[in-house]
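Using my numbering, the first residue of the sequence shown is number 2, and each one after it goes up by one. Glycine residues also receive a C-beta, built at the ideal position from the N, C-alpha and C atoms. This structure is a prediction, so every number in the text was calculated from the model and none was measured. Notes to accompany the following structure.
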Amino acid sequence: MGKKIGIIHTTSATISSLNGLVRKKYPGTEIVNILDDSILGDMRELHNVDYVKERWISYAKILEKLGVDAVLSACSTVGEFAEEADQMLSIPVFRIDEAMCERAVEMGTVISVFATLASTLNPTVNLVERKAAAAGKKVTINTVLVEGAYSALMDGQKEVHDAKIAEAVNRYIDTSDVIVLAQASMADAVKLSGKDGEKVLTSPELGIEKLGKVLGL
2 MGKKIGIIHT
12 TSATISSLNG
22 LVRKKYPGTE
32 IVNILDDSIL
42 GDMRELHNVD
52 YVKERWISYA
62 KILEKLGVDA
72 VLSACSTVGE
82 FAEEADQMLS
92 IPVFRIDEAM
102 CERAVEMGTV
112 ISVFATLAST
122 LNPTVNLVER
132 KAAAAGKKVT
142 INTVLVEGAY
152 SALMDGQKEV
162 HDAKIAEAVN
172 RYIDTSDVIV
182 LAQASMADAV
192 KLSGKDGEKV
202 LTSPELGIEK
212 LGKVLGL
């Protein structure tokens, strides 16, 4: 019998891609999705962050009651909430970006973190710094906010969103050991940059692979 995974999304943009990736890698896995697309707005405005955290953790607890074997946070902005939930629940709770940040530290010391939302930069940078410290490595972290990409995605202009990210990747690739695309929704842009598999890391595949290994999928 297959495993059951709960995924908490903060944008509808990640539902199809992550569900498709899980089903491709681990056929027979049951998926339960929870979407709260008000979270990113609250986090951008730093509006009642404690309540946002309480809300997110409550979703993880609901998934636990629904009998999932693990919870995956699809959003890097709230990754630290997932870490707290992992300490509270009887099932593992994964950040989708954790494996990506571990890999980035393995690949080099000059790491550029890209995001389309400013609220995602600090949580991802903090995670990279912690992974570097755990590995005993000194790293230089640059941050790049891809202006206009997120609003294009929300307007249904995914091609524009991806093109803006790809352009930024190509602009910074030569001065970085590795580029980290902080949000799962940015992953498709790698194909446009022509740098897939080289120095650009995305979170979905690595994050789901880590979840699968822990669950024995």
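{"Item": "Buried or exposed, going by whether 16 or more other CB atoms sit within 10 Å of the CB of T117?", "Value": "buried"}
{"Item": "Is E65 buried or exposed, if buried means 16 or more other CB atoms sit within 10 Å of its CB?", "Value": "buried"}
{"Item": "With a threshold of 16 other CB atoms inside 10 Å of the CB of Y60, please say whether the residue is buried or exposed.", "Value": "buried"}
{"Item": "In its own chain, which residues sit with a C-beta less than 6 Å from the C-beta of S204, not counting the 5 before and 5 after it?", "Value": "I97, D98, M101, A185"}
{"Item": "Flag this pair as touching only if the segment 70-86 and the segment 135-147 have three or more C-beta atom pairs under 8 Å; answer yes or no.", "Value": "no"}
{"Item": "Going by alpha carbons, who is nearest to G213 out of I16, V94, T12, D51?", "Value": "V94"}
{"Item": "Thinking just about the alpha-carbon of each residue, which of K159, V170, M155, S13 is nearest to the one in F115?", "Value": "V170"}
{"Item": "Is there contact between the segment 39-47 and the segment 118-126, where contact requires at least three CB pairs shorter than 8 Å?", "Value": "yes"}
{"Item": "Looking only at C-alpha atoms, which of I112, G217, L154 sits nearest to L202?", "Value": "I112"}
{"Item": "What is the rounded straight-line gap between the Cα of D189 and the Cα of I35?", "Value": "22 Å"}
{"Item": "If we ignore side chains and look at the alpha-carbon of each, how far apart do R104 and I209 end up?", "Value": "14 Å"}
{"Item": "Helix, strand or coil for G80 per DSSP?", "Value": "helix"}
{"Item": "At the level of alpha carbons, what is the spacing between I6 and E206?", "Value": "15 Å"}
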